[in-house]
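Q: Numbering (our numbering), first residue to last: 111 to 339.
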Amino acid sequence: EREEGWTYVILDLLPGVALEQVWEQLSTSERYTLLERIGSMMAEVHAVPVPAALASLEPHWPDFLKAQIEGCMTRHRHNGMPEWFMNGLENYVNQSIALLPAGENTVILTGEYTPFNLLADKVSGAWAISGMIDFGDAMIGSREYDWLGPGLFLCAGKPDLLKALFSGYGLESRQLDESLRRRLMLLTILHRYSHLNFQLRIPDWQNRVNTLEALEQLVWPFGRDGAPV
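(1) Could you give the DSSP three-state label for Thr143: helix, strand or coil?
(2) Where does Leu167 fall in DSSP's three states?
(3) Is it buried or exposed for Arg284, if we count other Cβ within 10 angstroms and need 16 for buried?
(4) From Glu214, Tyr118, Gln178 and Val217, pick the residue whose C-alpha is nearest to that of Leu199; which is it?
(5) From the DSSP output, read off the bridge partner residues of Pro128.
(6) Count Cβ pairs between the stretch 294-311 and the stretch 260-275 that sit closer than 8 Å; are there 3 or more?
(7) If you draw a straight line from the alpha carbon of Thr117 to that of Val155, how long is it in whole angstroms?
(8) Extract the residue ranges of the beta strand (DSSP E) inside the stretch 257-294, only unbroken runs of 3 or more that lie entirely within it.
(9) Express the C-alpha separation of Asn307 and Arg340 in angstroms, rounding to a whole number.
(10) Does the Cβ-Cβ distance between Leu294 and Pro225 come in under 9 Å?
(11) Over the uninterrupted beta strand (DSSP E) stretch that includes Trp315, give me the two end residues.
(12) Is it right to say Phe195 is buried, meaning 16 or more other beta carbons lie within 10 angstroms of its own, or is it exposed?
(13) With distances taken between CB atoms, is the gap from Trp237 to Val132 smaller than 9 Å?
(14) Evaluate contact between the stretch 268-278 and the stretch 136-146, counting only Cβ atoms and requiring at least three cross-stretch pairs below 8 Å.
(15) Any idea if Asp122 is buried or exposed, counting beta-carbon neighbours within 10 angstroms, 16 or more meaning buried?
(16) DSSP three-state label for Ser206, please.
(17) Tell me which residue opens and which closes the alpha helix (DSSP H) that Ala324 is part of.
(18) Mind the definition here: the stretch 232-248 touches the stretch 317-331 only if three or more C-beta pairs lie below 8 Å; say whether that holds.
(19) State buried or exposed for Ser206, treating a residue as buried only when at least 16 other CB atoms are found within 10 Å of its CB.
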């Protein structure tokens with residue numbers, strides 16, 4: 111805002127605490143409710159038409175994917191990924207990249223539907239999402255990219271939690287197929303901040319599987335017609 115030559119920002123305090131602080135204390139039913147709400151929040155944002163002022167927001171989605179693919183091996187080697195992961199990485203990416211939408215049907219991405227950027231507060235005795243902070247990584251791209259944050263950090267490979275998230279978004283079981291599973295794993299690998307030792311909250315995942323295909327099924331456990339794999 112500007113008034114009489116002065117530029118100023120109006121701030122307001124959002125109620126609640128970071129979802130990360132309370133997630134482990136929540137019951138299963140409370141987690142279902144919050145994940146459904148997170149899914150519906152994402153759907154509401156993604157339904158907003160991309161305004162012309164944001165259409166040129168960088169990075170452009172095709173350029174972003176290209177850069178992430180080119181730096182993929184270096185990034186994951188630096189992050190100390192298991193040997194089996196590194197041995198299969200290049201082939202996995204090369205075989206899967208054609209499944210990603212190149213640039214059509216893009217939406218406003220915030221990348222911030224994570225327990226660190228979502229705020230939760232008790233309303234009438236029940237936990238609810240009370241706000242979201244930090245839009246520094248916003249860009250225009252495939253809606254599936256936004257699903258990674260809650261899918262990795264909050265669902266942690268649990269089929270019922272993923273079902274709640276995607277149900278809130280409006281997806282039907284038939285849409286949770288093997289192609290989606292592969293795309294989500296590929297985007298997980300190509301994410302701007304991909305660091306699976308930090309993002310995967312599945313105990314001992316490095317030793318529970320020994321191929322990227324098996325990791326894909328562990329992290330995104332749905333398959334044909336949405337059935338758990």
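Note that beta-carbon positions come from the ideal geometry of N, C-alpha and C, so glycine has one too.
A: In short:
(1) Along the sequence shown, one-based indexing puts residue 143 at 33. The three-state reading of DSSP puts Thr143 in helix, counting H, G and I together.
(2) Working through the sequence shown from its first residue, we reach residue 167 at position 57. Reduced to three states, the DSSP call for Leu167 is coil.
(3) Your numbering for residue 284 matches position 174 in the sequence shown. Burial call: exposed.
(4) Here residue 199 corresponds to residue number 89 of the sequence shown, with the count starting at 1. Ranking the options by Cα distance to Leu199, first place goes to Gln178.
(5) If you number the sequence shown from 1, residue 128 lands on position 18. The sequence given here places Ala at residue 128; Pro does not occur at that position. Beta-bridge pairing links Ala128 to Leu229.
(6) Yes: at least three Cβ pairs fall under 8 Å.
(7) Residue mapping note: residue 117 aligns to position 7 of the sequence shown, counting from 1. Residue mapping note: residue 155 aligns to position 45 of the sequence shown, counting from 1. So the alpha carbons of these two residues sit roughly 28 Å apart.
(8) Correct list: empty.
(9) The question about residue 340 has no answer, for the chain in this structure spans 111 to 339.
(10) For the purposes of this step, residue 294 is identified with residue 184 of the sequence shown, where counting begins at 1. For the purposes of this step, residue 225 is identified with residue 115 of the sequence shown, where counting begins at 1. No. Outside cutoff.
(11) Here residue 315 is taken as the residue at index 205 of the sequence shown, counted from 1. Trp315 -> not in any beta strand (DSSP E); alpha helix (DSSP H) instead, spanning Trp315 to Arg318.
(12) Locating residue 195 in the sequence shown gives position 85, counting from the first residue. The residue in question, Phe195, is buried, as its Cβ has 16 or more Cβ neighbours within 10 Å.
(13) Along the sequence shown, one-based indexing puts residue 237 at 127. Along the sequence shown, one-based indexing puts residue 132 at 22. If you check the CB distance, Trp237 and Val132 come in under 9 Å.
(14) Flag = yes, the stretch 268-278 and the stretch 136-146 touch.
(15) Position 12 of the sequence shown, counted from the start, is the residue given in the question as residue 122. Exposed, since its Cβ has fewer than 16 Cβ neighbours within 10 Å.
(16) Taking the sequence shown and counting its residues from 1, the one referred to as residue 206 is at position 96. Here Ser206 carries a helix assignment [DSSP, helix/strand/coil].
(17) Your numbering for residue 324 matches position 214 in the sequence shown. Unbroken alpha helix (DSSP H) run through Ala324: Leu322 to Val329.
(18) Per the Cβ contact rule, the stretch 232-248 is not in contact with the stretch 317-331 (fewer than 3 Cβ pairs under 8 Å).
(19) Within the sequence shown, residue 206 is the residue found at index 96, counting from 1. The residue is buried, with at least 16 neighbouring Cβ atoms inside 10 Å.
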